[in-house]
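Student:
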Amino acid sequence: MQTRILNDDLIGQIRQLFEAQFQHPVELLFFASESSYDVCEDIKQLLEEITDLSQKIHIQNYDIDKQDDIAKKYNVQVAPALVVAGRAEDGTILDFGIRLIGAPSGYEFSSLIQAIILVSKRDSGLKDEARVKLNQLKDRVHLQVFVTPT
Amino acid sequence: MVQAEMIEASEFYELAMRYNVSGVPQTVINEGAGIILGAVSDDILLQEVMRAIDNP
């Protein structure tokens with residue numbers, strides 16, 4: 000049997016968090032590549048362990064090179080990349096523009112859990128005035144937040 | 000309209016170097032039109048985004 004990445008303590012915490020806050024279905028679209036095979040396999044396993052904790056999380060695995068049409072559709076240019084999206088009742092993917100590039104380890108792991116919960120709530124938590132300004136955007140905005148795991 | 004990526008800087012070192020990332024978090028708006036060092040409130044983030052859009 001494969002060794003689990005998440006320990007019992009963490010699994011308990013995430014399960015509790017999901018039970019208390021999870022609302023609508025979430026779809027994780029993971030883009031892997033041959034050149035980053037090892038880290039991608041680790042992330043895949045981690046994502047599977049997370050999806051096991053809620054029936055409302057689903058995962059789709061893609062290869063960024065072999066399925067470049069799908070990567071392009073989600074504007075994913077590098078791997079490993081994870082799109083944290085919502086899933087409508089009819090199965091439509093609701094893309095809120097949230098991406099995690101690289102391995103979600105250390106502090107970034109909690110960012111991943113936060114992102115999943117945020118998407119499940121379908122609420123950015125932004126103030127009304129911020130929403131008004133964002134609704135007036137005419138051109139695409141690309142934000143890249145550089146982080147390190149520790 | 001907004002795509003926000005969290006990027007692991009050590010894994011994507013070249014990309015981080017392109018924007019001279021020396022500390023984290025660092026936020027790059029529209030490929031360098033704006034740069035925010037450190038963690039800021041959503042008000043400041045939005046302000047910087049608007050500024051970056053106005054001065055491409």
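Those sequence lines, one after another, are chains A and B.
Under numbering that gives the first Met the number 0, the final residue of the first sequence carries the number 149; numbering is consecutive throughout.
Under numbering that gives the first Met the number 0, the final residue of the second sequence carries the number 55; numbering is consecutive throughout.
Glycine residues also receive a C-beta, built at the ideal position from the N, C-alpha and C atoms.
As the structure is a computational prediction, the values presented were derived from the model and not from experiment.
Does any residue of chain B bring its CB to less than 8 angstroms from the CB of A/D138?
Tutor: yes
Student: Can a CB atom of chain B be found closer than 8 angstroms to the CB of A/S110?
Tutor: Yes, because at least one Cβ of chain B sits closer than 8 angstroms to the Cβ of A/S110.
Student: Whose CA, out of A/K137, A/H141, A/N134 and A/V118, lies closest to the CA of A/Q22?
Tutor: A/V118
Student: Terminal residues of the continuous alpha helix (DSSP H) containing B/Q46?
Tutor: In the DSSP annotation of this structure, the continuous segment of the alpha helix (DSSP H) that includes B/Q46 starts and ends at D41 to D53.
Student: Which same chain residues, not among the five before or five after B/L23, have their C-beta less than 8 angstroms away from its C-beta?
Tutor: The identity of residue 23 of chain B in the sequence shown is Val, whereas the question assumes Leu. Hits under 8 angstroms: A8.
Student: Rounded to the nearest angstrom, what separates B/L45 and A/D8 at their Cα positions?
Tutor: 37 angstroms
Student: Do you know how far the Cα of A/I42 is from the Cα of A/A114?
Tutor: 16 angstroms
Student: At a CB-CB cut-off below 8 angstroms, which residues of chain A make contact with B/M49?
Tutor: K132
Student: Rounded to whole angstroms, what is the Cα-Cα separation between A/Q135 and B/E47?
Tutor: 15 angstroms
Student: Have a look at A/G105, A/K72 and A/A31 and flag the residue whose alpha-carbon is nearest the alpha-carbon of A/L93.
Tutor: A/K72
Student: Could you check if A/Y61 is buried or exposed, using at least 16 other CB atoms within 10 Å of its CB as the buried criterion?
Tutor: With at least 16 other beta carbons inside 10 angstroms of its own, A/Y61 counts as buried.
Student: Among the residues of its own chain, which have a CB less than 6 angstroms from the CB of A/R86, if the five just before and after it don't count?
Tutor: P24 and E26
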